[in-house]
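The structure appears below as structure tokens.
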Amino acid sequence: MDYEPVIGLEVHVQLKTSSKMFCGCTTEFGGSPNSHTCPVCLGFPGVLPVLNKKALLLAVRAALAVGCRISGEVKFHRKNYFYPDLPKDYQISQYDEPLSENGKIEIMSGGTAKTIRVKRVHMEEDAGKLIHEEGENSSLVDFNRSGMPLLEIVSEPDINSPDEAYQYLTNLKLLLKYLDVSDCDMEKGSLRCDANISLRPKGDKGLGTKAEVKNMNSFKGVKAALEFEIGRQSGLLDSGERIVQETRLWDPEKNITISMRSKEEAHDYRYFPEPDLVPFALDGNVAKAQKASLPELPKARKERFMNLLGLPDYDAEVLTQEKENADYFEECLKNYDKPKTVSNWMMGDISAYLNSRAMSITAIKMKPASLAGLLKEIDSGKISGKMAKEIIPEMCDTGKEASVIISEKGLSQISDVSELEKFADEAIAENSKTVEDFMKGKDSALMFLVGQVMKKTRGKANPAMVNEVLRKRLAGKK
Amino acid sequence: MSIKEDKIKYVARLARLKLTDEEVALFARQLDGILGYVDKLNERLDVAKDAVPMSHPHAASNPFREDEVRGSASSETVLANAPQKKGDFFKVPRIIEE
Chain A
0 MDYEPVIGLE VHVQLKTSSK MFCGCTTEFG GSPNSHTCPV CLGFPGVLPV
50 LNKKALLLAV RAALAVGCRI SGEVKFHRKN YFYPDLPKDY QISQYDEPLS
100 ENGKIEIMSG GTAKTIRVKR VHMEEDAGKL IHEEGENSSL VDFNRSGMPL
150 LEIVSEPDIN SPDEAYQYLT NLKLLLKYLD VSDCDMEKGS LRCDANISLR
200 PKGDKGLGTK AEVKNMNSFK GVKAALEFEI GRQSGLLDSG ERIVQETRLW
250 DPEKNITISM RSKEEAHDYR YFPEPDLVPF ALDGNVAKAQ KASLPELPKA
300 RKERFMNLLG LPDYDAEVLT QEKENADYFE ECLKNYDKPK TVSNWMMGDI
350 SAYLNSRAMS ITAIKMKPAS LAGLLKEIDS GKISGKMAKE IIPEMCDTGK
400 EASVIISEKG LSQISDVSEL EKFADEAIAE NSKTVEDFMK GKDSALMFLV
450 GQVMKKTRGK ANPAMVNEVL RKRLAGKK
Chain B
0 MSIKEDKIKY VARLARLKLT DEEVALFARQ LDGILGYVDK LNERLDVAKD
50 AVPMSHPHAA SNPFREDEVR GSASSETVLA NAPQKKGDFF KVPRIIEE
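Sequence order for the protein chains is A and B. Each residue of the first sequence is one higher than the one before, counting from 0 in numbering that gives the first Met the number 0. Each residue of the second sequence is one higher than the one before, counting from 0 in numbering that gives the first Met the number 0.
Here's what the structure looks like:
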């Protein structure tokens, strides 16, 4: 039978604060086990949590950017369960009155725009990290992560394919990075994603029994895990078996999901209002101020690049995929007003340089103004595009200006016609057979002669000019 | 509202409390009495309709903390009361079944 997957995603991102959500411990990644802990995040008796103001403001910012309605009052609840990574035996989270609700994220599905509704965006604290030692009958706990400020972003089950899930995540991450509310680094655990997936016969409106899949460590992993689940669940349904509602763990090595049998009790979290935190009033001004300070978001920026700068859709898309790239691009334009040319070099040679070194644009030494300088040298005819290609890696490595490298290496292009004519005549004299071929109408023979002249000038000639000069000299011989 | 013994057993299990049969019966009777008393409110007013649930006795006053790192406790202090440890880790009975 043909099934349609129904997918909802739960994304947790760590908010970019210096200190934890309710105490003054650092949020720095790493550190020896339990070295970033204190009585508050270890849940010692008698301690009181005090909310980090920046965490709340970042949360409001993110919620606004996904179009959520911000609640006027922020209340925290206790989510009660026993697990060794949870020192207080409850997690401070939000329940029936979350920070914000009813947002949306736009994605492209099969060439058409699709809206994925965001059910809610709320704040909660992170738990510690459990390490299960191979072959040992014990687990180890590191509470450095305990109490980190998290934002939970829950989608409605509007996602209908692994690819849509991938796009949703990519767009969400891009948005959060533009907002500078989170590093969104999956390797460091600052972005995590759980997926709920069920199948239903195509055309049906009801919902099947879902499985919750965890432990994906990349967006590709999410996609692969969902693809696996579609295969697993449709196999079960086809053979008339029932889907069991359960939590499954993705195993990235074997590319399968496995049922998680844990000692955790049935989900009955007995939420109740956190008595240690009074409700926080968020008057309209807070949301208004945050809204006013939102940067231009990726979609708007892409549209501006297309409409005002005349970039093709593809260029605008690529350049706005990372905020830093788009910033670099615009900075370069301040000194060199040909958007498409800058875009070509950024997507070509500069991107190749970055990829080969797994670097981001912020790490290269070539300033945007220096790139503008290089492009001007090409325009003036001083150097060829080919020379520029050779100069770029050095500019990126050292931060030297193009003009400096050009004079250091004696790179400037020969554009003096009489000098080129001298080399052209030499080449013609030395290659009489080729000249003969050309005279007989074999046009491609000219390319060989161009190559000879380029060799003589050690690549310093402008190939187009050489071509022209050669044609003129040969025409004179006819 | 009436509290039956199975409710007491369920709540005790969630809270990791070991109760004897006598205690279960006793608590069921006591909690039933307490909740029955609270239920009297419903005789005079419709709580669900007439009152906003109170989540806290104090009004919102936004006692924030600025985002400043204040430092953490030393690992000796942190692990001083740990029943079991390994290096700087807390050690607990294995949680995932194999």
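All residues carry an ideal CB built from backbone N, CA and C; glycine is no exception. Here the structure is a predicted model, which means the values were calculated and not measured.
Length of the line joining the Cα atoms of residue i and residue j
| i | j | result |
| --- | --- | --- |
| Y165/A | L171/A | 10 Å |
| V468/A | E389/A | 25 Å |
| D182/A | K48/B | 44 Å |
| G35/B | A27/B | 12 Å |
| D38/B | K6/B | 18 Å |
| E4/B | K201/A | 46 Å |
| E97/B | G134/A | The predicted position of E97/B is uncertain, since its pLDDT is 46 and thus under 50; a value taken from the coordinates is nonetheless stated next. The alpha-carbon atoms of E97/B and G134/A are separated by roughly 10 Å. |
| S60/B | K74/A | 12 Å |
| N33/A | Y82/A | 17 Å |
| A112/A | E163/A | 11 Å |
| S233/A | N214/A | 22 Å |
| M455/A | E420/A | In the sequence as displayed, the identity of residue 455/A is Lys instead of Met. Their backbone Cα atoms lie some 12 Å apart in a straight line. |
| P392/A | K85/B | 49 Å |
| S145/A | R191/A | 15 Å |
| V449/A | V465/A | 6 Å |
| A371/A | A444/A | 37 Å |
| V403/A | M365/A | 13 Å |
| S137/A | R231/A | 32 Å |
| F422/A | V416/A | 10 Å |
C-beta neighbour in chain B for residue i, strict 8 Å
| i | result |
| --- | --- |
| G384/A | no |
| G23/A | yes |
| R269/A | yes |
| P272/A | yes |
| V140/A | yes |
| N284/A | no |
| S154/A | no |
| P251/A | no |
| F28/A | no |
Test: residue i CB closer than 8 Å to a CB of chain A
| i | result |
| --- | --- |
| D49/B | no |
| N61/B | yes |
| P92/B | yes |
| V23/B | no |
| F26/B | no |
| L13/B | yes |
| D5/B | no |
| K85/B | yes |
| S1/B | no |
Backbone secondary structure at residue i - three-state DSSP
| i | result |
| --- | --- |
| P4/A | strand |
| L47/A | coil |
| D250/A | strand |
| Y270/A | coil |
| K385/A | helix |
| I33/B | helix |
| L85/A | coil |
| P200/A | strand |
| E9/A | strand |
| T169/A | helix |
| K262/A | Any reading at K262/A needs caution, since the residue's pLDDT is 48, under 50, leaving its predicted position unreliable; the model's value is listed next. Correct three-state label for K262/A: coil. |
Proximity to residue i [Cα-Cα], best of the options
| i | options | result |
| --- | --- | --- |
| R269/A | I349/A, N33/A, K52/A and D88/A | D88/A |
| C395/A | S406/A, Y94/A, D125/A and S355/A | S355/A |
| V180/A | S258/A, K381/A and K53/A | K53/A |
| V452/A | E435/A, E425/A, K432/A and K441/A | E425/A |
| E67/B | F21/A, D415/A and G205/A | F21/A |
| T16/A | V5/A, G29/A and L56/A | L56/A |
| H55/B | G409/A, H76/A and Q320/A | H76/A |
| V434/A | G30/A, D84/A and G475/A | G475/A |
| A286/A | T169/A, C67/A, T319/A and Y352/A | C67/A |
| F142/A | G384/A, N136/A, E96/A and V39/A | V39/A |
| I196/A | L293/A, G409/A, C24/A and E3/A | E3/A |
| Q93/A | K187/A, Q13/A, N136/A and E124/A | E124/A |
| V341/A | P156/A, F447/A, P367/A and I382/A | P367/A |
| P278/A | P97/A, S189/A and V212/A | P97/A |
| M345/A | K333/A, N334/A and Y327/A | Y327/A |
Proximity of residue i and residue j at Cβ, strictly below 8 Å
| i | j | result |
| --- | --- | --- |
| V49/A | R93/B | no |
| P161/A | K222/A | yes |
| L129/A | V140/A | yes |
| I152/A | V120/A | yes |
| E72/A | A357/A | no |
| Q412/A | A460/A | yes |
| D84/A | G30/A | no |
| K441/A | K322/A | no |
| S189/A | Q320/A | no |
Which residues of the stretch 61-80 of chain B have a Cβ closer than 8 Å to any Cβ of chain C? Give them in chain order. Absent here is chain C; the protein component of the structure consists of chains A and B.
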